[in-house]
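Here the UniProt record's numbering is used: the first residue of the sequence shown is 1, the next is one more, and so on.
Every residue, glycine too, gets a C-beta built ideally from N, C-alpha and C.
Since this is a predicted model, take the numbers as computed values, not measurements.
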Amino acid sequence: MEGPVPLPMIIALITAHVLRHSQEKTAKLGSVLMKVAMSSLTLAKVGQESTKE
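Written as structure tokens, this is what we have:
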């Protein structure tokens, strides 16, 4: 059963949106946010797998 849009997905979308509008200013911030999003996504996957059992 799918819940609402996962937070990592929202973070990734916002990051992509921000990067598109002001790449130079937010390049460093964007890469940090993307790393956070990827680690959050990994944690979310692990969390989903552990709740299935």
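Helix, strand or coil at residue i [DSSP, three-state]
{"i": "residue 6", "result": "coil"}
Contact belief for residue i with residue j at Cβ below 8 Å, rounded distance in angstroms
{"i": "residue 4", "j": "residue 37", "result": "At roughly 17 Å, the Cβ-Cβ gap does not stay under 8 Å, so residue 4 and residue 37 are not in contact."}
{"i": "residue 33", "j": "residue 11", "result": "6 Å"}
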